[in-house]
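Q: My questions all concern the structure below.
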Amino acid sequence: MSNSCHRSEDACAYVSGDLADSENFARHIANCVDCQNAVESAKGLVGKMRTVPEIELTADFATRVSARIAEEKSGISFFAHWKPALAIAAACALLAAWAYFNYDQESQANNSLAIADGIVKESQSRALDWFVRTQGEDGSWNAERWGGQQNYQFALTALPLLALATADQSTLKQQAAADRAIVHILKSQRRNGRLGSGTPYDHSIATLALLHAGNRWPGSVPKIRLDAAVAALNSSIREDEASAPWRAQALKLAASLGWKSAPQEEHPIRIKMVENVRSLDFYNFYFTVTALRSEPNPETQSQLEALRARLVSQQVESTDEEDGSWPPDDQWGRVGGRLYSTALASMSLHNRE
Amino acid sequence: MLKAAEGSQEAFAVIVVRHQKPLVNFFHRMGAISDCEDLAQETFVRLFRYRDRYKPVAKFTSFLYHIARNVWADRGRKALRRERLDTELRCNAAIAQNLHEPEQAGAALDVEAALGKLSPKLREVIVLNIYQGLRYQDVADVLEIPLGTVKSRINLAMAALREEIDEQ
Numbered sequence: 157m158s159n160s161c162h163r164s165e166d167a168c169a170y171v172s173g174d175l176a177d178s179e180n181f182a183r184h185i186a187n188c189v190d191c192q193n194a195v196e197s198a199k200g201l202v203g204k205m206r207t208v209p210e211i212e213l214t215a216d217f218a219t220r221v222s223a224r225i226a227e228e229k230s231g232i233s234f235f236a237h238w239k240p241a242l243a244i245a246a247a248c249a250l251l252a253a254w255a256y257f258n259y260d261q262e263s264q265a266n267n268s269l270a271i272a273d274g275i276v277k278e279s280q281s282r283a284l285d286w287f288v289r290t291q292g293e294d295g296s297w298n299a300e301r302w303g304g305q306q307n308y309q310f311a312l313t314a315l316p317l318l319a320l321a322t323a324d325q326s327t328l329k330q331q332a333a334a335d336r337a338i339v340h341i342l343k344s345q346r347r348n349g350r351l352g353s354g355t356p357y358d359h360s361i362a363t364l365a366l367l368h369a370g371n372r373w374p375g376s377v378p379k380i381r382l383d384a385a386v387a388a389l390n391s392s393i394r395e396d397e398a399s400a401p402w403r404a405q406a407l408k409l410a411a412s413l414g415w416k417s418a419p420q421e422e423h424p425i426r427i428k429m430v431e432n433v434r435s436l437d438f439y440n441f442y443f444t445v446t447a448l449r450s451e452p453n454p455e456t457q458s459q460l461e462a463l464r465a466r467l468v469s470q471q472v473e474s475t476d477e478e479d480g481s482w483p484p485d486d487q488w489g490r491v492g493g494r495l496y497s498t499a500l501a502s503m504s505l506h507n508r509e
Numbered sequence: 138m139l140k141a142a143e144g145s146q147e148a149f150a151v152i153v154v155r156h157q158k159p160l161v162n163f164f165h166r167m168g169a170i171s172d173c174e175d176l177a178q179e180t181f182v183r184l185f186r187y188r189d190r191y192k193p194v195a196k197f198t199s200f201l202y203h204i205a206r207n208v209w210a211d212r213g214r215k216a217l218r219r220e221r222l223d224t225e226l227r228c229n230a231a232i233a234q235n236l237h238e239p240e241q242a243g244a245a246l247d248v249e250a251a252l253g254k255l256s257p258k259l260r261e262v263i264v265l266n267i268y269q270g271l272r273y274q275d276v277a278d279v280l281e282i283p284l285g286t287v288k289s290r291i292n293l294a295m296a297a298l299r300e301e302i303d304e305q
């Protein structure tokens, strides 16, 4: 909109109450159509801008600030933590080395091997860093580049996001990679709420990933987008076998996060328990771990540790670009490639559901 | 703030409670996604660190947002800075909680997208003035620029926003 009256430049300041001679301007606009239009336009625009509501804080924000301030007040700085941190790191390294040595000696024969928590965490971290390094500028991951099929390109971007969003810990770089993936995935959302190509497989995995990301990093995923995705999940036609467990997990998570549109009843994840962990199957590993985590007891814990030990032993350790990933050497590897194997393997190491 | 400057932890706690939400939303409007609270926390820590530099001649909110703006600038400079995100798709996580009218939610999305297309200089004056409620003079104090520059930047920003929103 162009206004020929030079005083129309004061319209914004007038609307916001920042014009020094507002009374004079008020008299002017009574006789100036250009300025009347400018004022109305500014009012309308400010009104629209204020339709964007504020985000809410997490419940413990003030407590966390208070703790940081108390630390600041007591003069404890990063450097004051330095020596104890070094000692802890050294102890962890020794423990990890000991556990790894033992694991290496016995793993071939013993499936119920316990594995040091530090090793599992390091393994997770290396996997997530691999995702950070291999992400494209547009936030996606290239399925074909990593041995997957092009028609699974979208799901093979949703899976790494799911791995990033469910990790026990994440660095700022990993969070930034997740942010980029979220933006990429949301760009694909259609008016009916469906994500990716709209297939149940794409949509279920992507919805699950977005739900986890939105829950973990408040404000990272617009809730209206999640609403639409969850609603589309509910309205989906009969899902196929491949998408069913993802859809069940997404619905369960949505219900637990308060989505009224998600069915409240239980969604049992039907899995066939892996009887022999030596038979490598990343899908089976992941869904087995998911089931075992939901029933914590000494027996399931032992099985979990055996699965994790098996996975950690398969992770690539090298100086090349595959470092931190898992070779896609199972029956689904030719379809999902290294993105699939690494996402499923790293999620199997997580403690979060 | 003067009590907080003298070392009163209770007074500082009141400041945190009063300004935490506007501050988190400031960073959200500036373009932060998942680290809004981290940035707000860093602002409060710096506020505590520099509390003795506050002079009652300046408005407290100007002082606070001056620090917040520096925190935001530092975030951009750090080596681990996030790559520029396509902010078109960003919008407030609370939209669906607060808005039940699809049209209103759509308008909010349009505004978010338009805001994301502004240059950083134009965006900050709009965020400080429209969303944080700072007067033109306070915006000038926070950004350390002349009052006339604030006015012209706001006019430019409003024209760009109007054009962008009208197109959508």
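Protein chains in written order, with the numbering used here: chain A, 157 to 509; chain B, 138 to 305. The beta carbon of each residue, even a glycine, is placed where N, CA and C say it ideally should be.
1. Give a yes or no on whether the minimum CB-CB distance between B:Ile282 and chain A is below 8 Å.
2. Note down the Cα distance separating A:Asn507 from A:Asp324, rounded to an integer number of angstroms.
3. Name, please, each residue of chain A whose Cβ falls closer than 8 Å to the Cβ of B:Ala150.
4. Please work out which residues of its chain come closer than 6 Å, Cβ to Cβ, to A:Gln192, disregarding the five sequence neighbours upstream and downstream, and give them in chain order.
5. Can you pull out the residues from the segment 195-209 of chain A whose beta carbon lies closer than 8 Å to at least one beta carbon of chain B?
6. Between A:Val377 and the rest of its own chain, which residues show a CB-CB distance below 7 Å, the 5 nearest in sequence each way excluded?
7. Could you tell me whether the Cβ of A:His237 comes closer than 8 Å to any Cβ of chain B?
8. Would a C-beta distance cut-off of 8 Å place A:Ala198 and A:Cys168 closer than the cut-off?
9. Between B:Glu220 and A:Arg494, what straight-line distance do the alpha-carbon atoms span, to the nearest angstrom?
10. With distances taken between CB atoms, is the gap from A:Phe310 to A:Ser279 smaller than 8 Å?
11. Quick one: using the 10 Å Cβ neighbour count with 16 as the cut-off for buried, is A:Arg206 buried or exposed?
12. Let me know if A:Pro240 comes out buried or exposed under the rule of 16 or more other beta-carbons within 10 Å of its beta-carbon.
13. Give every residue of the same chain whose Cβ lies closer than 6 Å to the Cβ of B:Cys173, excluding the five residues on either side of it in the sequence, and list them in chain order.
14. Using a Cβ-Cβ cut-off of 8 Å, state whether A:Leu463 counts as contacting chain B.
15. Taking a contact to mean a Cβ-Cβ separation below 8 Å, would you say B:Val262 touches B:Val276 in this structure?
16. Using 8 Å as the Cβ pair cut-off and three pairs as the minimum, do the segment 481-493 of chain A and the segment 435-452 of chain A touch?
17. My guess is that A:Trp297 and A:Gln306 are in contact by the Cβ rule of under 8 Å, so how many angstroms apart are they, rounded?
18. Looking at the unbroken alpha helix (DSSP H) that takes in A:His340, where does it start and where does it end?
19. Run down chain A in chain order and give the residues with a C-beta less than 8 Å from the C-beta of B:Gln308.
20. So, do the segment 173-187 of chain B and the segment 384-391 of chain A have three or more beta carbon pairs nearer to each other than 8 Å?
21. Taking the straight line between their C-alpha atoms, what separation do you get for B:Val287 and B:Ala210?
22. Consult DSSP for A:Arg350 and reduce its assignment to one of helix, strand or coil.
23. Hey, B:Leu265 and B:Leu271: beta-carbon distance below 8 Å or not?
24. By alpha-carbon positions, which one of B:Glu301, B:Asn207 and B:Arg186 ends up nearest to B:Glu281?
25. Rounded to a whole number of angstroms, what is the C-alpha to C-alpha distance between A:Thr363 and A:Pro316?
26. Exposed or buried, what is A:Pro356 when buried is set at 16 or more other beta-carbons lying within 10 Å of its beta-carbon?
27. How long is the line joining the alpha carbons of A:Ser281 and A:Ser326, rounded to whole angstroms?
28. So with Cβ pairs under 8 Å, would you call A:Ala241 a contact of chain B?
29. Taking beta-carbon pairs under 8 Å, can you tell me which members of the segment 168-184 of chain A lie near chain B?
30. Between B:Phe197 and A:Ile225, how many whole angstroms is the CB-CB distance? I'm expecting something under 8 Å.
31. What is the rounded straight-line gap between the Cα of A:Met503 and the Cα of A:Leu467?
32. What first and last residue would you give for the alpha helix (DSSP H) that runs through A:Trp402?
33. At 8 Å on the CB atoms, spell out the chain B contacts of A:Leu160, in chain order.
34. Keeping to the same chain, check which residues put their C-beta closer than 8 Å to that of A:Leu318; ignore five residues upstream and five downstream.
35. Name the two residues that bound the continuous alpha helix (DSSP H) containing A:Ala176.
36. A:Gly480 CB to nearest chain B CB: under 8 Å?
A: Once the coordinates are examined:
1. no
2. 6 Å
3. Ala218 and Ser222
4. Ile185
5. Ser197, Ala198, Leu201, Val202, Lys204, Met205, Arg206, Thr207, Val208 and Pro209
6. Ile338, Leu366, Ala369 and Gly370
7. Only weak support exists for where A:His237 lies, its pLDDT of 35 falling under 50; the value from the coordinates is given anyway. No, no contact with chain B.
8. yes
9. Low confidence applies here, because B:Glu220 scores a pLDDT of 37, under 50, leaving its location unreliable and the question unanswered by this model.
10. no
11. exposed
12. Caution applies to A:Pro240, whose pLDDT of 37 falls short of 50 and renders its modelled position unreliable; the model cannot decide the point.
13. Val161, Phe164 and His165
14. no
15. yes
16. yes
17. So it is not a contact: roughly 12 Å between Cβ atoms.
18. Leu328 to Lys343
19. Since the first and last residues shown for chain B are 138 and 305, residue 308 of chain B lies out of range.
20. no
21. 18 Å
22. coil
23. yes
24. B:Asn207
25. 13 Å
26. buried
27. 8 Å
28. Bear in mind that the predicted position of A:Ala241 carries a pLDDT of just 35, short of 50, making it unreliable; the figure below should be weighed with that in mind. So no, A:Ala241 is outside the interface.
29. Cys168, Ala169, Ser172, Gly173 and Asp174
30. 17 Å between Cβ atoms; not a contact.
31. 11 Å
32. Ala400 to Ser412
33. One point to set straight first is that residue 160 of chain A is Ser, not Leu, in the sequence displayed. Ordered by position in chain B, no residue passes the 8 Å Cβ test against A:Ser160, which lies about 15 Å from the chain.
34. Ile361, Leu364, Ala365, His368, Ala499 and Met503
35. From DSSP, A:Ala176 is part of no alpha helix (DSSP H); its letter is neither H nor E.
36. no
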